[in-house]
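To keep things clear, I will list the structure first and then write my remarks on it.
There are 6 protein chains.
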Amino acid sequence: MSADHEAGPMSSLVTFGETMLRLSPPPGGRLSRVDRLDVHVGGAESNVAVAAAALGTDAAWLSALPESPLGRRVAHALRGEGVEPLVTWTDEGRVGTYYYEPGGKPRGRRVVYDREGTPIRSLDPGDVHSEPLRGAELFLTSGITPALSAQAAATTGALLETASDAGTTTALDVNYRSKLWSPAEARDTLEGLFPAVDVLFVAERDAREVLDAEGDARAIAHSLAAAHGFETVVVTRGEAGALAVDDGTVHERGAVETDTVDPVGSGDAFVGGYLARRLDGAAVPAALSWGVATAALKRTVAGDAATVTAEEVRRVVDSDATGDIDR
Amino acid sequence: MSADHEAGPMSSLVTFGETMLRLSPPPGGRLSRVDRLDVHVGGAESNVAVAAAALGTDAAWLSALPESPLGRRVAHALRGEGVEPLVTWTDEGRVGTYYYEPGGKPRGRRVVYDREGTPIRSLDPGDVHSEPLRGAELFLTSGITPALSAQAAATTGALLETASDAGTTTALDVNYRSKLWSPAEARDTLEGLFPAVDVLFVAERDAREVLDAEGDARAIAHSLAAAHGFETVVVTRGEAGALAVDDGTVHERGAVETDTVDPVGSGDAFVGGYLARRLDGAAVPAALSWGVATAALKRTVAGDAATVTAEEVRRVVDSDATGDIDR
Amino acid sequence: MSADHEAGPMSSLVTFGETMLRLSPPPGGRLSRVDRLDVHVGGAESNVAVAAAALGTDAAWLSALPESPLGRRVAHALRGEGVEPLVTWTDEGRVGTYYYEPGGKPRGRRVVYDREGTPIRSLDPGDVHSEPLRGAELFLTSGITPALSAQAAATTGALLETASDAGTTTALDVNYRSKLWSPAEARDTLEGLFPAVDVLFVAERDAREVLDAEGDARAIAHSLAAAHGFETVVVTRGEAGALAVDDGTVHERGAVETDTVDPVGSGDAFVGGYLARRLDGAAVPAALSWGVATAALKRTVAGDAATVTAEEVRRVVDSDATGDIDR
Amino acid sequence: MSADHEAGPMSSLVTFGETMLRLSPPPGGRLSRVDRLDVHVGGAESNVAVAAAALGTDAAWLSALPESPLGRRVAHALRGEGVEPLVTWTDEGRVGTYYYEPGGKPRGRRVVYDREGTPIRSLDPGDVHSEPLRGAELFLTSGITPALSAQAAATTGALLETASDAGTTTALDVNYRSKLWSPAEARDTLEGLFPAVDVLFVAERDAREVLDAEGDARAIAHSLAAAHGFETVVVTRGEAGALAVDDGTVHERGAVETDTVDPVGSGDAFVGGYLARRLDGAAVPAALSWGVATAALKRTVAGDAATVTAEEVRRVVDSDATGDIDR
Amino acid sequence: MSADHEAGPMSSLVTFGETMLRLSPPPGGRLSRVDRLDVHVGGAESNVAVAAAALGTDAAWLSALPESPLGRRVAHALRGEGVEPLVTWTDEGRVGTYYYEPGGKPRGRRVVYDREGTPIRSLDPGDVHSEPLRGAELFLTSGITPALSAQAAATTGALLETASDAGTTTALDVNYRSKLWSPAEARDTLEGLFPAVDVLFVAERDAREVLDAEGDARAIAHSLAAAHGFETVVVTRGEAGALAVDDGTVHERGAVETDTVDPVGSGDAFVGGYLARRLDGAAVPAALSWGVATAALKRTVAGDAATVTAEEVRRVVDSDATGDIDR
Amino acid sequence: MSADHEAGPMSSLVTFGETMLRLSPPPGGRLSRVDRLDVHVGGAESNVAVAAAALGTDAAWLSALPESPLGRRVAHALRGEGVEPLVTWTDEGRVGTYYYEPGGKPRGRRVVYDREGTPIRSLDPGDVHSEPLRGAELFLTSGITPALSAQAAATTGALLETASDAGTTTALDVNYRSKLWSPAEARDTLEGLFPAVDVLFVAERDAREVLDAEGDARAIAHSLAAAHGFETVVVTRGEAGALAVDDGTVHERGAVETDTVDPVGSGDAFVGGYLARRLDGAAVPAALSWGVATAALKRTVAGDAATVTAEEVRRVVDSDATGDIDR
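Here the protein sequences line up with chains A, B, C, D, E and F, keeping their order.
Counting with the working numbering, you get residues 1 to 327 for the letters of the first sequence.
Counting with the working numbering, you get residues 328 to 654 for the letters of the second sequence.
Counting with the working numbering, you get residues 655 to 981 for the letters of the third sequence.
Counting with the working numbering, you get residues 982 to 1308 for the letters of the fourth sequence.
Counting with the working numbering, you get residues 1309 to 1635 for the letters of the fifth sequence.
Counting with the working numbering, you get residues 1636 to 1962 for the letters of the sixth sequence.
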């Protein structure tokens, strides 16, 4: 294994995490019968980078991939979206895949993860190019990464430290995955990382079930900020929008009505939209509006990536999206 | 014509009827312009067998097919779904097809049947392997089969007698098809079959329009049971669920909220789900719940077949289907 | 350039305008990422002709196309729909295309026009076969055609005069396109054409924003009829149906509930349905009902063309469309 | 049943025969497993009309179809190709279909016909609009039509007589189908029709196996012309081209090298190309060249129809087809 | 883990090995860019069972799969092909996948295996239902299975012993995979299994490179038979056909000319065709002919499975496959 | 119009030219009938950059695009392939498209260009970021760019001067397009550019027909080098490989046998492969080998882009491409 990744300019935003191939049947199809699969590329942290890049942020994604056509498939997708792939290419390991079967009520959506044996799980901090972290304005990872393996958790911690030491703002999106670990395991590990984290993103449900927070969203945000000394805590509430406590002040934004085509990745789109505006100098309320709008637009698009434009997000933020044909 | 069908172990459930190829255009497409057709395999009685097999019942399907790639297409599909095809292969005749054009309001769905000349129409009782009927726990056919031809009606009657004589429970799903016969013709023929039928499935509308039943669903079930001595009468009520009179007691179950992708075959899925549970020893109320849940799940899946699992049905029955992504 | 178009019998309805290839991504896809495009053929005036032809009207479409596989693609589509293409084939110029990206709330639908350099823009009245106009019962064009170029506006005017002089009823659908001209430019040009127009179709919004009409739909229709001496003014109101002032009397029709698959071309379908009935001798109220029903059915079908049948429209008009499967 | 077909102008070429939907799996797919079918429209006589229309001939097709979306599908396809469908629409009967499975060596191509019960089989001469036959320059049918049923044979004979009596040149393409009748039956019936036939098209193999002709292609043509008094006999020889005896003179043309995508309909394309040139006034040698070139081009195109242009055929005839990209 | 597999009747042929999902891009597509994947199901030993079942053999396949939609996808495919899946369903592990990228000269075909972590690798002989082995006529596995893991090698050995002890003929197809082990490792392990093997299938190249055989195919077969006491040794020679030494006598069969659509699985189709005939009582020469013909037909079909019929194979064997359309 | 393009690191290779969307029907389909189009992105100069980037070169592409989803589609594709798009985004103009219809013998391939009105045609040297040219090692453009418009020719000349003045090696691929200009016009314009060109790529046919060169490929290369003082002249000869005169020495390389799926862009792949090796320090003979191998691999892949890897090219160069499955 060698950190033989590609050189690039300094990015404002660097994210770190695993990205997979998503394989899904056509609408109404079942994985247990499927003859054709649509391929998308997705991972919480690269999704954030894609959304931010779509809105103008210089973004890079730090990870490991096997040197194979499938590893290149992932890098190709991110590069196309304008995200610099800072990849540790490996001889061993496989590309994670996940099978996603959409399904309406009462079936529900189904995800079959097939992500064992991926190289990020055995990635040593020394294998990662930590240099870009030092030049970046913000470093983001999620609670999925440390859940992958003990090694991945250690590397996540080391990278957060590196960034923090270099004066780079650090952010973590809790993103609890019950198929990877238990709430107790998650809480233990994440609380170990929190001292090096400046900005926390957390879904209201995860805050309750994993971090044992109590009360309404506002109370949750305040108590988490207080308990761990976060600069900012952003609580996402699905259909109910999002709320942030920033330096003690609460900001709130309701959700936008959407015709959902594909909900996967909308939480990441929120984070990407929020960060793009923050990195652009906007205040928290404006960033919340952009996050919510980016998430809503994502839901109208197939795939994990928020393939949107700043102009589209601005139109939603300005309530100028009537759904009419513009001609 | 020779009853040269495949051998197999005894099945709990044997169904008898015609199965066709379903050809449908992509969403928004019109048959009168179509360039591509999706192929599914469906028939009321084999749909019942598929649903029951999906839930763990040993199921077989008795029918006739021409020896051709299209005949094999039908058998292949059922075999894949775990249903034993007990087929009388013929040199003559064609595979029935039906063209299905989905369409929302105000267009409505359109079905063009192309089912003349199929071998089941000239199938003599002597051509059918009646042996499996004798070992089965339950034999089901529908009102579609006797509607196909006088010969098919005679064979349906003979098979019901055979099963009944052997102590196999017999069931009939009225399934009135206005394109095959008039209500009066249907009533005459079906009433001739009723003496050999133990369990009747009937849609509320068919009960009124074909069987001249009156009153609400409850009254209908009671009066049909009384008039023809059925052990059980199950009245299906579409969006309003289903109701059964079993040995004089009424059981009822409301429908489940569904995001419908393809409604075709949901009535058959109900019957399959109901029978699977009954054959598994469950009481009527539990069977109704499983029938309704299987039907609801079917509506989320493209094609005539209820490609569901027992676990999925159980989750719906247990009200544990939130529509959330399970990850 | 030579008016070397195809001969044909006299048509009741002749329309004049530009028709394009429509290229659209699959559902949930984005033009900025697209790998496959569905091809449809559409243009306001040919859409009207297609809808009318579908309902039994002898219809022709007058236009110019380059002699190329793409030009032939357009003619092939219209011919298939039963519309006679009266085409001036040219050596120069291109086929107009437009890219259509469907998208639900809050994204909205997006149209990217790519219609510069089409031969209809430089079409001289002398290049057009004006003969069929003289034998037709009704000649229709739209406000899009004169918006294409000064030459196209002049030719539109000349054709309206020709038709009017020959005793052919003339109709114009305002169809304002903000990407082609400003409201003021549109009003100037259209008002120059109005003296030769008998029947005006106008969306309520266009009436206000382009023609400076005021008041409710009824007032708009009355004032436009009075101001320009139209025989009939039909005001379309989207979800609220349509209203006509005909010889001073007001007729109104509410919209039909629809499950929309593709809204493009539904306004043209309305006009086609309305005209088909009028040309068939029906009174205005019946024509309004057919227009509204044709538009509703169009919305259930992919593509710009109203590939419906008279029987389907009649069922909707007769409120006999229950959405049930007819089998 | 009523001969309620559409009016149209007089056509130079009128053909009579059955046209079907062709359903085929994607390359490498098997009918016995297929999930998707491509739809094409084809029939020997309408294929001839399509090829001739593509090359500029006014062509019409005489047949019967059921009034259904599938019947309209057939008429829509032919109308799009510029062929006037002179259809007797019926309430009864079905649209013929055939399933076509392409397959290379050693599998071979497979056709499954599903053409029973089509309305042309019970079409009475009185149900057919014989008027266009009288104004046409040439009337063509094939040996498939009389093979469909005794009634179809009688109607074929009556139409040939009608055309012949009106001074319309008559042509018959032998087109022997072993799945419809035996060589002896075919010979008997066809020889009954020959007295009313002016031009005979026959594959060399059919001439030998059905018509008992002997010797080489030249001898076959001479002997058939002599035996039945044909004005012209055209013998097609597959890869070896075609040969005609016309008024006692022999003309020959070798085949053109082709990269075959779909061979179905290439014989019909030959006839259409030949007739288009003859009807345009060309001599037999030129017509043979056009026939061979049209057939070769057809083989490069998916589907039964020769969707070619006169310019393309001319380029092949002029040996100006190098296979290079023209840019 | 529990051997909770499905009951079934005794099969003549039982095979044991891993079966995977095959994911492949459309023709000309690259895995490193792919947006859609076609799904097939394949594994050397199940491919053999499918081919034999297609030709009439009662066949079963012994393996392990995780209880997941993807595991069910595999079982569904085999069941559809008429092969009884005798599956040990597990809670742990994944379904193996392999990505297959077809490519002509000079690119070559590319296979990316993703088969780590599959449950067959940790399958204990006690987890396998060994009962069917005892009643079968022939048990087949391949050199791929013992290459998967030490545990899989041990279980393979145990099953061969079980079969052998029960008087069931045992067969092994060497099927060397360089991505799984080295020639030396393969030789060591396979030679340990040979004493329990009656019939050996081996590609000529594998015989040389793995088993160190020398001389021409004939010499190879003789020396392997002599060295290990095989009853029969079948040497496959790709384009040059196949050769068998059976009880000291040599039989040979040349290959059949094919238009290859998909070569994957043709070796397995050979074995399946050969065994089907042998189990049907045919002598070795006839079995070789059927093997070669089945392999040739497989190459004309997309996917790993030989979806052929006995009639098709017989036609090829009888040299009755002309490639002509049969109509 | 503003040169508001994206910043990036210095690239070794910068190319300048127009890139279009390529729209093509599925195999066997015709543009005049097409319902679906596959979208690829291609342009001679960006194709060269893609091929070089695939082989490891830092490559950038200089051009103009309208700010629209289609303009972004082009940039997205190139970015995905690892080429930095140095785009002048404009408010006016359209994205060029070309329709490509593949077709075997005798039809030939057909290209319909639709490239009028693109912003590169009115691009002023001042609108272009000339900075990257100065830092690059090599600047390439083709004879297509100056053929687009007089302004484009002037800008091409200015950029060649800029590069030349900065010491950047300059290369020009003649790439004659008969649909854009005559041989005489091309010769005049190109000869005006030649003084600033160091390396010339020219197809043997273009050398003869456009540049009036005579003799065999060797003579052509010598005479062109002599006449215009080129450092290197590379003559490409299609199936016969390529030949270079470099500093007076001749090097030659035969073509590689290929199974062609899509020939478009293979000439550009040659240039990209050649330059990648040259920029990597290789001598001309090795570069020729890489060019020829890259071109051959391109022909096995759908689309204009050489989506290959250095390892694949190396295998072909090393004659290690056997077409066998590597597993």
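Heads up, the beta-carbon is just placed ideally off N, CA and C, and yes, glycines get one too.
Using a CB distance below 8 Å, no part of the stretch 473-484 of chain B faces chain D. A/Ser142 counts as buried, since at least 16 other C-beta atoms from the protein chains shown sit within 10 angstroms of its C-beta.
The beta-bridge partner set that DSSP reports for F/Leu1700 consists of F/Trp1724. Bridge pairing for C/Thr795: C/Phe670 and C/Leu826 [DSSP].
Using a CB distance cut-off of 8 Å, F/His1857 does not count as an interface residue toward chain A. Within 10 angstroms of the beta-carbon of B/Arg545 lie fewer than 16 other beta-carbons, which makes it exposed. Contact of D/Thr1239 with chain F is assigned, a C-beta pair being separated by under 8 Å. Per DSSP, the continuous alpha helix (DSSP H) segment holding A/Arg315 begins and ends at Ala310 to Val317. At a cut-off of 8 Å, the C-beta of D/Ser1013 has a neighbouring C-beta in chain E. Residue environment analysis places D/Pro1066 among the buried positions, since at least 16 neighbouring C-beta atoms fall within 10 angstroms of its C-beta.
When Cβ-Cβ separations below 8 Å define contact, E/Pro1393 makes no contact with chain F.
Looking at C/Gly908, C/Pro849, C/Thr890 and C/His905, the one whose alpha-carbon comes closest to that of C/Ala880 is C/Pro849.
Each of B/Leu340, B/Gly370 and B/Gly355 was checked against the Cα of B/Ala380, and the nearest Cα belongs to B/Leu340. Note on the stretch 755-826 of chain C: whole beta strand (DSSP E) runs with a minimum of 3 residues are 764-768 and 792-796, in chain order.
The stretch 1927-1947 of chain F makes contact with the stretch 1680-1694 of chain F; the number of CB pairs closer than 8 Å reaches 3 or more. At the C-beta level, A/Ala136 and A/Thr168 come within 8 Å of one another. Per DSSP, the beta-bridge partners of D/Ala1184 are D/Thr1217.
Secondary structure note for A/Arg94: it is in no beta strand (DSSP E), with a DSSP letter that is neither H nor E. Residues of chain D with a Cβ closer than 8 Å to the Cβ of B/Ser373 do not exist, since the nearest Cβ in that chain sits about 17 Å away.
Put simply, the backbone Cα of E/Thr1568 is about 53 Å away from that of A/Val316.
Using a Cβ-Cβ cut-off of 9 Å, D/Pro1008 is close to Pro1335, Val1569 and Ala1610 of chain E, given in chain order. Sequence-ordered contacts of the stretch 423-444 of chain B with chain C read Tyr425, Tyr427, Gly430, Gly431, Lys432, Pro433, Arg434, Gly435, Arg436, Arg437, Val438 and Tyr440 [C-beta pairs closer than 9 Å]. For D/Thr1239, the closest alpha carbon among the candidates D/Leu1141, D/Arg1259, D/Lys1279 and D/His1232 is that of D/Lys1279. For A/Trp290, the CB contacts under 8 Å within the same chain, skipping 5 residues up- and downstream, are Leu55, Gly273, Tyr274, Ala276, Arg277, Ala282, Val313 and Val317 in chain order. None of the residues of the stretch 1347-1376 of chain E has a beta carbon lying less than 7 Å from any beta carbon of chain B. In the DSSP assignment, the residues bridged to F/Thr1884 are F/Asp1881. The beta carbon of B/Leu507 sits no closer than 8 Å to any beta carbon of chain D. Around the beta-carbon of D/Ala1274, 16 or more other beta-carbon atoms lie within 10 Å, marking it buried.
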